[in-house]
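Worksheet for the structure shown next.
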Amino acid sequence: MKRLPFISALLISTFLFACAGSNVVTNGENGTHPSEDAILWQQTSAEYKALCYQAFNAAKIRIEMIESGQSDMAVTDNMAVIMDLDETVLDNSPYAVKMMREGKRYSEESWTEWVNKKEAELVPGAQDFITFLYEKGINVIFISNRDVSLIKPTIQNLAKYGIEAGPDNLFLKASNTKEERRNKLTSYSIAMLIGDNLADLDALFEEKLDLKQRDKLVNTEFSDEFGRRLIILPNPLYGDWMDALERTARKREDQLNLLKSY
Ligand SMILES: [Mg+2]
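Take 10 as the starting number for the sequence shown in the working numbering and just add one per residue.
Below is the structure:
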């Protein structure tokens, strides 16, 4: 989970402001923190679930179009789908809630404790989609920025839901980027990439970009690919979007000045 430090910071400021009777977006010491509404939205809104189903339904359509010869790819035995894990397959929002309630920051220790519990449930639609791929004999490859030391509980957590992960299809973070791990998959024909962070989908987003640079890539180079080769899931809790915002405007007042009004 790449951006958990942001969760912790958000949780602390959220906790403090919740105590003060406010749930507005707050200005914490790391700059950008969404309100507790982000956590509430992810865990309680039907819209969050609907967006996840929508993403996986689009992914299924992509596979069906490949199978029926209506896409840019041919069906091959080595066809594979690359999926991120956190907030793409595994739902870690209970960890975020616990940190919020305890007023704690993210720490490697608490994150490891959560992962070792193996209690993460699945993102809506993920299991059905993975089963769909299994039934078609399509390879499922997981590339996650969970630390490689967490491989055993990660495998066991996925296994609770019948999701097969092991040395051949699970690539956690050692010292290499996601792109470096993707580049080793030369024996596969990659049908699509699925994640909740744009860096899950293309190396260009692994650069330290500001808001305008990210927008430009999304609006031009990649706009036609979403819902097709690239599938993005909602994650209001953390992600590179927060780094980009902070990179663009460090102070909260400057960030708020970026907003459009009338
Ligand atoms: Mg993720």
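All residues carry an ideal CB built from backbone N, CA and C; glycine is no exception.
- About 5 Å separates the Cβ atoms of Thr97 and Gly204, confirming a contact at the 8 Å cut-off.
- Residues Phe151, Thr163, Ile164, Leu167 and Ala168 of the same chain have their beta carbon placed closer than 8 Å to that of Ala174, with the five preceding and five following residues left out of the count.
- With a cutoff of 8 Å on beta-carbon distance, Ile72 and Lys145 are scored as near each other.
- In the DSSP assignment, Lys269 forms no beta bridge with any residue.
- Where Asp252 is concerned, there is no enclosing beta strand (DSSP E), although the alpha helix (DSSP H) around it starts and stops at Asp249 to Thr257.
- Judged by beta-carbon spacing, Leu242 lies beyond the 8 Å limit of Leu210, meaning their Cβ atoms are not closer than that value.
- These are the residues, in chain order, with a beta carbon less than 6 Å from any non-hydrogen atom of ligand 1: Asp93, Asp95, Glu96, Thr97, Gly204, Asp205 and Asn206.
- Contact annotation, Ala200 with Ala89: C-beta distance approximately 7 Å; criterion of less than 8 Å satisfied.
- Residue pairing for Ile147: DSSP places it in no beta bridge.
- When DSSP states are grouped into helix, strand and coil, Ser153 belongs to the strand group.
- Taking C-beta separations shorter than 8 Å and ignoring five residues to either side along the sequence, the partners of Glu215 in its chain run Thr186, Lys187, Glu188 and Ala208, following chain order.
- Secondary structure of Ser80 (DSSP, three-state): coil.
- Between the region 247 to 257 and the region 214 to 230, the count of C-beta pairs closer than 8 Å reaches three or more; the two stretches touch.
- With fewer than 16 other CB atoms across the displayed protein chains lying within 10 angstroms of its CB, Gly171 is exposed.
- In the three-state scheme derived from DSSP, where H, G and I count as helix and E and B as strand, Ala200 is classed as strand.
- A residue is called buried when at least 16 other Cβ atoms come within 10 angstroms of its Cβ; Asp100 meets this threshold and is buried.
- If you draw a straight line from the Cα of Val132 to the Cα of Val106, it is about 16 Å long.
- When rounded, the separation of the alpha-carbon atoms in Thr195 and Gln79 is 24 Å.
- For Phe235, DSSP records a beta bridge to Leu239.
- Spanning the alpha carbons of Glu117 and Ala183 requires a straight line of approximately 15 Å.
- Ser232 counts as exposed, since fewer than 16 other C-beta atoms from the protein chains shown sit within 10 angstroms of its C-beta.
- Contact check for Asn192 against Asp249 fails: the beta carbons are separated by 8 Å or more.
- Residues of the same chain with a CB within less than 7 Å of the CB of Val157, apart from the 5 flanking positions on each side, are Leu181, Lys182 and Ala183 in chain order.
- Per DSSP, Leu207 lies in no alpha helix (DSSP H) segment and is marked neither H nor E.
- The C-beta separation of Ser153 from Asp81 comes to about 27 Å, leaving the pair out of contact by the 8 Å criterion.
- For Glu130, the three-state secondary structure derived from DSSP is strand.
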